[in-house]
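Chemist: In case it helps, the numbering used here puts the sequence shown at residues 343 to 563.
Idealized CB from N, CA, C, for every residue including glycine.
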Amino acid sequence: MSAFRHFENFPAAAVMEFNRVMATRIHPTKSLLIATTIEILDEKLPGEIAVDEILEKSGISKGSLYHHFEDLGELLEVAQVERYAAWVDRSVSAIVAMLAKVKSREDLVNGLKLITRFTQDPAYSKTRFQRARAIAAAEHNPRFAKRLAEEQKRLTDALIDLINEARNKGFYASDFDAHAGAVLVQAYTLGMIVDDFVDDKMDPEEWYKLIDMVVDRVFLV
């Protein structure tokens with residue numbers, strides 16, 4: 343499915359996309375600091391990253407860093423939000439691409455199956471942990487929570503739009519709240535993380551089949 347191209351090479355592609363899009367929106371020094379931090383976050387936890395490491399890798403001075411960010415914490419927050427946003431962008435793009443091709447119930451079923459299998463592939467375990475870590479960090483950090491919530495809302499709204507458009511085409515049931523349905527989809531997608539770190543892992547195909555059943559019996563008509 344062509345929608346898959348929106349997820350290929352993620353999360354590494356997040357840095358390239360950030361460089362391409364953000365470079366036109368913010369100061370180049372700030373953009374470089376964020377992109378550098380995103381790269382480091384692919385290898386280290388936020389709490390393991392020091393200012394000097396970012397400065398050395400980016401070639402930016404400490405004075406410039408503190409000109410653009412209140413502190414290291416803010417830079418780490420912005421970098422995590424941008425990485426989260428890259429996943430949201432790919433998710434939204436895949437949904438839009440899939441919906442544009444849907445002409446029948448069968449088209450929708452097949453499209454949803456493909457997206458389910460790709461986004462919940464065991465290979466995306468690292469991405470699930472990154473997303474869960476960002477969400478957990480927002481609990482006691484209002485500044486970070488506000489930024490992350492904006493990106494989260496974009497994904498939820500895109501899923502709500504998918505549900506409503508599918509309803510307009512006569513493919514989705516109307517006996518459930520679209521917002522609740524959008525949250526459910528994200529819950530079972532991210533929820534696979536509980537199986538990512540155990541030794542006795544479930545068969546991914548059995549998980550996919552179960553999700554297919556939920557979609558067929560709850561969402562579709």
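Looking at the structure shown, is Leu387 part of a helix, part of a strand, or coil, going by DSSP?
Modeler: If DSSP states are grouped into helix, strand and coil, Leu387 belongs with coil.
Chemist: If you scan the segment 428–483 from start to end, which runs of the alpha helix (DSSP H) of 4 or more residues do you find wholly inside it?
Modeler: Here the runs fully enclosed are 447–461 and 467–479.
Chemist: Is the segment 534–545 touching the segment 428–439, taking contact as three or more C-beta pairs under 8 angstroms?
Modeler: Cβ pair count under 8 angstroms is below three, so no.
Chemist: Taking only the alpha-carbon atoms, compute the straight-line gap between Tyr466 and Gly405 and give it to the nearest angstrom.
Modeler: Rounded to the nearest angstrom, the two C-alpha atoms are 37 angstroms apart.
Chemist: Can you tell me the Cα-Cα spacing of Phe471 and Leu532, whole angstroms?
Modeler: Approximately 9 angstroms, taken between the alpha carbons.
Chemist: Taking C-beta to C-beta, are Val434 and Ala500 nearer than 7 angstroms?
Modeler: Result yes, Cβ atoms of Val434 and Ala500 sit closer than 7 angstroms.
Chemist: Apart from the five residues on each side of it in sequence, which residues of its chain come closer than 6 angstroms, Cβ to Cβ, to Ala365?
Modeler: Low local confidence applies: a pLDDT of 47 at Ala365 is under 50, so the model's placement there is unreliable, and no value is given.
Chemist: Please report the distance separating the alpha-carbon of Thr458 from that of Lys468.
Modeler: The alpha-carbon atoms of Thr458 and Lys468 are separated by roughly 17 angstroms.
Chemist: Return the CA-CA distance between Asp495 and Ala474, expressed in angstroms with no decimal places.
Modeler: In the sequence under discussion, the amino acid at residue 495 is Lys, which differs from the Asp named in the question. Looking at the two C-alpha atoms, the distance is approximately 16 angstroms.
Chemist: Pull the bridge partners of Tyr514 from the DSSP assignment, please.
Modeler: DSSP lists Leu562 as partners of Tyr514.
Chemist: Taking C-beta to C-beta, are Thr371 and Ile396 nearer than 7 angstroms?
Modeler: No, the pair does not count as a contact, with Cβ atoms beyond the cut-off.
Chemist: Could you give the C-beta distance for Lys399 and Ile382, rounded to a whole number, given that I count them as a contact under 8 angstroms?
Modeler: Their Cβ separation, rounded to whole angstroms, is 7 angstroms, which keeps Lys399 and Ile382 in contact under 8 angstroms.
Chemist: Taking Cβ to Cβ, would you say Tyr514 is nearer than 7 angstroms to Ile505?
Modeler: Contact flag set, yes.
Chemist: Who are the near neighbours of Phe512 in its chain, counting only those whose CB is closer than 6 angstroms to its CB and skipping five residues on each side?
Modeler: For the record, residue 512 in the displayed sequence is Gly; it is not Phe. Hits under 6 angstroms: none found.
Chemist: With respect to the alpha helix (DSSP H) encompassing Lys404, which residues constitute its N-terminal and C-terminal limits?
Modeler: Its alpha helix (DSSP H) spans residues Lys404 to His410.
Chemist: Quick check: what's the CA-CA separation for Asp300 versus Arg559?
Modeler: The first residue shown for the chain is 343 and the last is 563, placing residue 300 beyond what the model contains.
Chemist: Please list, in chain order, all residues of the same chain as Ala427 whose beta carbon is under 7 angstroms from its beta carbon, the five residues on each side excluded.
Modeler: Only Glu493 meet the Cβ criterion.
Chemist: Do you know how far the Cα of Leu418 is from the Cα of Leu562?
Modeler: Whole-angstrom Cα-Cα distance: 41 angstroms.
Chemist: Could you tell me the distance, in whole angstroms, from the CA atom of His369 to the CA atom of Ser403?
Modeler: Approximately 15 angstroms, taken between the alpha carbons.
Chemist: Considering just the uninterrupted stretch of the alpha helix (DSSP H) at Asp554, what are its terminal residues?
Modeler: Unbroken alpha helix (DSSP H) run through Asp554: Pro546 to Val556.
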